[in-house]
Amino acid sequence: MERLHLSDCAPLDEAILLNLGNLENLTHLRAYIQFQDSAESTAGLLDFKHGFQKLIKLDVHCQPTHLVRFMLASSMPQLSVLELRLRPHFADAFHSDFSSICRHIGPHNLTRFRVELGDFLHPPRHLMDVLEPLLPFANLQELEVLSETHLPLRNEDLERLARAWPKLHALILAQSETTMTEPDRIPGSVERPTLHGLVALAQGCPRLAQISIPDLDATSVPPTDSVPLIAHRARNLCIQNLVGAEEDERQLAIAVVLDRLFPRLRLEPWGIEELPGHGGNPNMYLADSKNVSLLLRAMQLARKHYRDPGGIQLPNA
């Protein structure tokens, strides 16, 4: 047996996992893990180091404490895809032990990491505080993080991601529906990336095809001439919460910058408000984003009509 996909209605405990470790050819495992005993009572007894040697993909739903025990008791030397579903449990245990998990599995093979995080009792200050243990994984190609708690993202975070993961072709950082129902709309009230951060991301990760970020502060728009015409390959861009883009002139300036960075965006029918395949955007304040999307569509149509390979230029004032 190479692939085993189990329902959450059939949880795996310690004994079953020990038996599964004997499946020498197992490459894909999707399961719900629920240990029966406490960590103290099984200390030193969990040992899967001779099992799961060929496992390539692990998709697991469990409590964060059970995840840590399972991962640290296993070796999985060929693991390249790790998908974790940790909701609705609090994510504090995952955050505190994630560094140990990353050191244990090593940075060489992992190409995709996805995690669904529940609420935090004690939220970290920034999203980067959670993701930092992944920075040594230079071969990472896909990163997807859905957080119930709003964890601020900053320009310096996007710059660090771009330096660490130049092979990325999917970066999906999203807030949950609960968080986005009443988003914070006050510029400067929380730390947010700006268009300068998107420029750094586009330059550092030329292979990105899908991009989703939770927030963007558009109150500061870089001069048009300072934004490179890099003809980025990105096809999908989602900004869940665009802040500071109420004025028509600023919406045009934002669209110009985005068009110079990402001239190949697929804008029908989602625009920059949604990411295909990831559900709708529950944010109630999408009028500004929709206007920017309309401007981007107009620029693409104009470029197609005039066969201009570059981005649209704003006339100098």
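Residue 41 in our numbering sits at position 29 of the sequence shown, with consecutive numbering throughout.
Glycine included, each C-beta is placed from N, C-alpha and C at the ideal position.
It should be emphasised that the depicted structure is a prediction, and the values quoted were computed from it without experimental measurement.
Straight through space, the alpha carbons of E285 and I225 are spaced by roughly 11 Å.
Inter-residue distance for M296 and C250 is about 15 Å (C-alpha atoms, whole angstroms). Comparing alpha carbon positions, the residue from Q48, E203 and L307 closest to M140 is E203. By the neighbour-count criterion, in which a residue is buried when 16 or more other Cβ atoms sit within 10 angstroms of its Cβ, M13 is exposed.
The criterion of a C-beta distance shorter than 8 Å is satisfied by S112 and L84. In this structure, A221 lies away from L273, with their beta-carbon atoms at least 8 Å apart.
Residue burial is scored here from C-beta neighbours: L313 has fewer than 16 other C-beta atoms within 10 angstroms and is therefore classed as exposed.
One alpha carbon belongs to G63, the other to L143, and they sit about 28 Å apart. Put simply, the backbone Cα of D20 is about 48 Å away from that of L241. Nearest neighbour of Q252 by Cα position, chosen from L18, E194, A43 and V127, turns out to be E194.
Its chain contains Y44, I45 and Q46 as the residues whose beta carbon lies nearer than 7 Å to that of P23, once the 5 sequence neighbours on both sides are disregarded; these appear in chain order. In the three-state reduction of the DSSP assignment, Q90 falls in the coil class, being assigned neither a helical nor a strand state. Taken through DSSP and simplified to helix, strand or coil, A174 comes out as helix.
Per DSSP, the beta bridge partners of F60 are S86. DSSP places F102 outside any alpha helix (DSSP H), giving it a letter other than H or E. In the DSSP assignment, E261 falls within the unbroken alpha helix (DSSP H) covering D260 to L273. Residue P148 holds the alpha-carbon nearest to the alpha-carbon of N121 among F102, H78 and P148.
Taking C-beta atoms as the reference points, L129 and L98 count as a pair closer than 8 Å.
Boundaries around I225 are those of the beta strand (DSSP E), Q222 to D229, since no alpha helix (DSSP H) includes it. Judged by pairs of C-beta atoms under 8 Å, the region 252–263 touches the region 176–193, as three or more such pairs exist. Taking a 10 Å sphere around the C-beta of Q48, we find fewer than 16 other C-beta atoms and assign the residue as exposed. Within the DSSP bridge table, the entry for K302 names no partner. Taking every protein chain shown into account, the CB of R15 has fewer than 16 other CB atoms within 10 angstroms, so this residue is exposed. Here H40 is near K69, since their CB atoms are less than 8 Å apart. By the beta-carbon neighbour count (other beta carbons within 10 angstroms, threshold 16), I266 is buried. L67 sits close to L91, with the two beta carbons spaced by under 8 Å.
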